[in-house]
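Enquirer: Counting the sequence shown from 1 gives a position; my numbering is that position plus 132. Pasting in a structure now, in structure tokens, and then I'll have a few things to ask.
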Amino acid sequence: MGTQNAQKETKNTAKHALSEHLRLVSSGQIDEWVKLFAPDGVLEFPYAPAGVPNVVQGHEALLAHMSSFPATFDIEFVDILFHETVEPTLAIAEFRTAGRAIPTQKAYEQTCISVLYTDDEGRITRYLDYWNPLVALEALTPDGHEGEQSVVRNFKN
Numbered sequence: 133m134g135t136q137n138a139q140k141e142t143k144n145t146a147k148h149a150l151s152e153h154l155r156l157v158s159s160g161q162i163d164e165w166v167k168l169f170a171p172d173g174v175l176e177f178p179y180a181p182a183g184v185p186n187v188v189q190g191h192e193a194l195l196a197h198m199s200s201f202p203a204t205f206d207i208e209f210v211d212i213l214f215h216e217t218v219e220p221t222l223a224i225a226e227f228r229t230a231g232r233a234i235p236t237q238k239a240y241e242q243t244c245i246s247v248l249y250t251d252d253e254g255r256i257t258r259y260l261d262y263w264n265p266l267v268a269l270e271a272l273t274p275d276g277h278e279g280e281q282s283v284v285r286n287f288k289n
């Protein structure tokens, strides 16, 4: 029984870390968001467009990568669905972003899937962020400038 409770608590910790990630990113609290990660924590973008890193590791790199997010997007995460897992340090969620790209005032709405791993202290060790870069490119590209990859300018290391 004690092992089951420990696993449930760990699973709740992973789910809590993912919930906090969504809350802090959507509210623009990037300095606080970085603290969710272990010192060598990794943020991965498997479908990052050319010019945007697929992997960002460590607090300093995470902060540098995400520091412009609050000035780039005004979003909220909605329709959040957490999936049960058998791995206690793993959380998986599907959700939608609803909002706008600030530079263009265009709508920014897409469906995402996030896969998050935590350590024994509940810090994020690995975060896989599955999102469609074409949606971000469209939202960030000013009307009349289609084909330019504005997302690269906003999220380059």
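Built from N, CA and C at the ideal position, the CB exists for glycine as well.
Could you check where the alpha helix (DSSP H) with A260 kicks off and where it finishes?
Expert: According to the sequence displayed, residue 260 carries Leu and not Ala. Segment 256–262 is the beta strand (DSSP E) holding L260; no alpha helix (DSSP H) there.
Enquirer: In angstroms, rounded to a whole number, what distance separates the CA positions of I256 and D163?
Expert: The straight-line gap from Cα to Cα measures roughly 15 Å.
Enquirer: Does DSSP put V184 in a helix, in a strand, or in coil?
Expert: In this structure, V184 counts as coil in the three-state DSSP scheme.
Enquirer: Are the region 217–232 and the region 185–198 in contact at 8 Å, needing three or more beta carbon pairs?
Expert: Not touching, per the Cβ criterion.
Enquirer: Do the CB positions of R228 and D206 come within less than 9 Å of each other?
Expert: Against a cut-off of 9 Å, the Cβ pair of D206 and R228 comes out as no contact.
Enquirer: Buried or exposed for N289, please, with buried defined as at least 16 other CB atoms from any protein chain shown within 10 angstroms of its CB.
Expert: A caution first: N289 carries a pLDDT of 48, below 50, which makes its placement in the model unreliable, though a value can still be read off. With fewer than 16 Cβ atoms within 10 Å of its Cβ, N289 is classed as exposed.
Enquirer: Check the C-beta distance from L266 over to S246 and give it rounded, since I have them as a contact under 8 Å.
Expert: Their Cβ separation, rounded to whole angstroms, is 18 Å, which puts L266 and S246 out of contact at 8 Å.
Enquirer: Below 8 Å, how does it come out for the region 164–174 and the region 183–194: are there three or more Cβ pairs, yes or no?
Expert: The region 164–174, when compared against the region 183–194, does touch it at the 8 Å Cβ threshold.
Enquirer: What residues are listed by DSSP as bridge partners for L242?
Expert: It should be pointed out that residue 242 corresponds to Gln in this sequence rather than to Leu. Note: Q242 sits in a beta bridge opposite T229.
Enquirer: When you compare each of R155, F177, S159, I224 to P202 by their alpha carbons, which one comes out closest?
Expert: Of R155, F177, S159, I224, the residue nearest in Cα terms is S159.
Enquirer: Using a threshold of 9 Å, state whether the C-beta atoms of R232 and A271 are closer than that.
Expert: The answer is yes: Cβ separation under 9 Å.
Enquirer: Given this structure, state the Cα-to-Cα distance separating F214 from W165, to the nearest angstrom.
Expert: Answer to the nearest angstrom: the Cα atoms are 20 Å apart.
Enquirer: Assign T250 to buried or exposed, taking buried as 16 or more other Cβ atoms, counted over all protein chains shown, within 10 Å of its Cβ.
Expert: With 16 or more other Cβ atoms within 10 Å, it is buried.
Enquirer: Which class does I224 belong to by DSSP, given the choice of helix, strand or coil?
Expert: Here I224 sits in strand by DSSP.
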